[in-house]
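Read the structure below first, then the notes.
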Ligand code: RB5
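In my numbering, the protein residues as written are 7 to 156.
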């Protein structure tokens with residue numbers, strides 16, 4: 007599976023630690039979209055890079071990290087086809103896959119620690135979408151996108 011990852015300056019260190027952890031997944035090929043230093047950047051720019059990689063099919067999934075996970079997930083969700091979930095624990099990371107077929111995981115470097123980040127990443131990568139009763143709800147999300155796209 008190809009995975010695109012991106013963060014802003016607030017999450018630069020945590021992203022590096024997550025990149026290290028991702029090496030333990032044999033079937034995951036990672037593309038790091040930045041940012042590549044502690045210099046201040048704007049989280050929508052990094053959200054867009056990851057979201058476009060996922061929406062275009064270049065990457066199957068994405069991970070975005072900022073201070074809270076909020077701004078970068080809001081921005082990623084503006085790209086049609088993206089379902090980015092800002093998660094805080096293993097339960098929400100599992101459910102975003104199982105119920106919402108989330109294709110981008112978001113979290114906050116100022117909200118969770120590295121151990122929790124690892125739990126989220128593992129759950130996000132290893133949990134399958136359940137489909138079934140959830141499918142029509144996910145389709146309704148796409149319908150909202152279509153309603154407002156020109
Ligand atoms: C940057 O200071 C911070 O605003 C950003 O990382 C994020 O938390 C925004 O939602």
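No residue lacks a Cβ here, since even glycine has one placed at the ideal position from N, Cα and C.
Close CB contacts of residue 118 within its chain, under the 7 Å cut and outside five residues either way in sequence, are with 94 (chain order). Around the C-beta of residue 137, fewer than 16 other C-beta atoms lie within 10 Å, and the residue is accordingly described as exposed. The closest heavy atom of the ligand RB5 lies less than 6 Å from the beta carbon of residue 76. Checking the 6 Å criterion, the Cβ of residue 73 is within range of a heavy atom belonging to the ligand RB5. Not a single heavy atom of the ligand RB5 lies less than 6 Å from the C-beta of residue 42. Here the distance from the Cβ of residue 49 to the nearest heavy atom of the ligand RB5 is below 6 Å. With contacts defined by Cβ atoms closer than 7 Å, residue 53 and residue 91 do not form a contacting pair. For the pair of segments examined, the stretch 38–49 was found not to touch the stretch 98–114: the number of CB pairs separated by less than 8 Å stays below three. Remark: the C-beta of residue 45 is outside contact range of the ligand RB5, defined as less than 6 Å to any heavy atom. Taking residue 104 as reference, the option from 135, 49, 142 with the minimal CA-CA separation is 135.
For residue 12, the enclosing beta strand (DSSP E) begins and ends at 8–13.
Comparing alpha carbon positions, the residue from 155, 58, 140, 139 closest to residue 110 is 58.
A contact is defined here as three or more CB-CB pairs under 8 Å, and the stretch 7–14 meets this definition with respect to the stretch 29–37. DSSP places residue 113 inside the beta strand (DSSP E), whose first and last residues are 110–114.
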